[in-house]
Amino acid sequence: MWKLLKEITGGKQMMNDISVDVNMLNESFICIPANVMIPNSNSVNNDCFSCFNTNDVLKCLQSLKPTQSLGPDGVPAVILKKCADILCSPLTDIFNESFSKSIIPESWKNIKIVPVPKSTSGPNVKFRPIAITSPF
């Protein structure tokens, strides 16, 4: 299986390890407000909902960038893109069922925040947060 994944993804590895002073990273993000209110609701307004169809889901899967970073679910976009023909029908059913029952899975709402350096020059490197979501 890993050999197949390596073949599909081109064997590229992500650089996840950057040597950073954690205190400096904390200072970089300290100004971001912590008291932002996010609505805690799984509800979907069904009045605005029209059913997903397999053609639209297929187009979305095919338009994924194969180099897209892994989201919190760990599903590589390149796999979704390569398997789009097989996945479009079951995913369409899952999306329609989820929206018709007004239940959005928690895993679809998870994000992974990655600190990315604004610049690498100088002793005081500043970071910006990048939010990576699930392709679903």
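Under the numbering used here, think of the first position of the sequence shown as 21, with each following residue one higher.
Virtual Cβ for every residue (Gly too), placed ideally from N, Cα, C.
N-terminal and C-terminal residue of the alpha helix (DSSP H) that phenylalanine 147 is part of:
Against the sequence shown, residue 147 aligns to sequence position 127. Note, phenylalanine 147: premise wrong, no alpha helix (DSSP H); beta strand (DSSP E) at 147-153.
Counting along the chain, where does the beta strand (DSSP E) carrying valine 136 start and finish?
In the sequence shown, counting from the first residue as 1, residue 136 sits at position 116. Its beta strand (DSSP E) spans residues 131-137.
Could you give the C-beta distance for proline 125 and serine 118, rounded to a whole number, given that I count them as a contact under 8 Å?
Here residue 125 refers to the residue found at position 105 when the sequence shown is read from its first residue. Here residue 118 refers to the residue found at position 98 when the sequence shown is read from its first residue. About 7 Å separates the two Cβ atoms, so the contact holds.
Of the listed residues Ser83, Phe115, Leu90 and Ser89, nearest to lysine 101 (C-alpha basis)
As a working mapping, residue 101 is identified with position 81 in the sequence shown. Minimum Cα distance to lysine 101 is reached at Ser83.
Can you give the Cα-Cα distance for asparagine 73 and arginine 148, rounded to whole angstroms?
Looking up residue 73 in the sequence shown gives position 53. Looking up residue 148 in the sequence shown gives position 128. Distance between the alpha carbons of asparagine 73 and arginine 148: 37 Å.
Assign glycine 91 to one of two classes, buried (16 or more other C-beta atoms within 10 Å of its C-beta) or exposed (fewer than that).
Taking the first residue of the sequence shown as 1, we reach residue 91 at position 71. When all chains shown are included, glycine 91 counts as buried.
Environment of alanine 97 [buried if 16+ CB atoms lie within 10 Å]
Sequence index remark: in the sequence shown, residue 97 carries index 77 (1-based). Alanine 97 should be labelled buried.
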